[in-house]
Amino acid sequence: MNRRPKLSITAPDASPEEAAAVVAALERFMRDTAPVPAPPPAAGWAPSPWQRAALHEGVTRQPAPVEPWR
Numbered sequence: 001m002n003r004r005p006k007l008s009i010t011a012p013d014a015s016p017e018e019a020a021a022v023v024a025a026l027e028r029f030m031r032d033t034a035p036v037p038a039p040p041p042a043a044g045w046a047p048s049p050w051q052r053a054a055l056h057e058g059v060t061r062q063p064a065p066v067e068p069w070r
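So the sequence shown is numbered by this note's numbering: it starts at 1 and just counts up by one.
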């Protein structure tokens, strides 16, 4: 999902330069106020036994049979 919207301005009285300046200011504001990215997990991190079991179950699970009416 693209969390960065495509900005455009619709103002009949604004010149192209003014519209571009407004859009540039909005983009800079969004960049300056964006949340800080989450830090990567620590090097020694390992999933809990519950997480490992859930991942294993999800990977080794048999696919559902194809139903003829779908």
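Heads up, the beta-carbon is just placed ideally off N, CA and C, and yes, glycines get one too. Treat the numbers as computed from the prediction; the structure is a model and nothing was measured.
For residue i, three-class secondary structure by DSSP
{"i": "residue 19", "result": "helix"}
{"i": "residue 13", "result": "coil"}
{"i": "residue 58", "result": "helix"}
{"i": "residue 43", "result": "coil"}
{"i": "residue 49", "result": "helix"}
Beta-carbon proximity check, residue i vs residue j, cutoff 8 angstroms
{"i": "residue 19", "j": "residue 11", "result": "yes"}
Option in the options with minimal Cα separation from residue i
{"i": "residue 6", "options": "30, 67 and 38", "result": "30"}
{"i": "residue 32", "options": "24, 39 and 38", "result": "24"}
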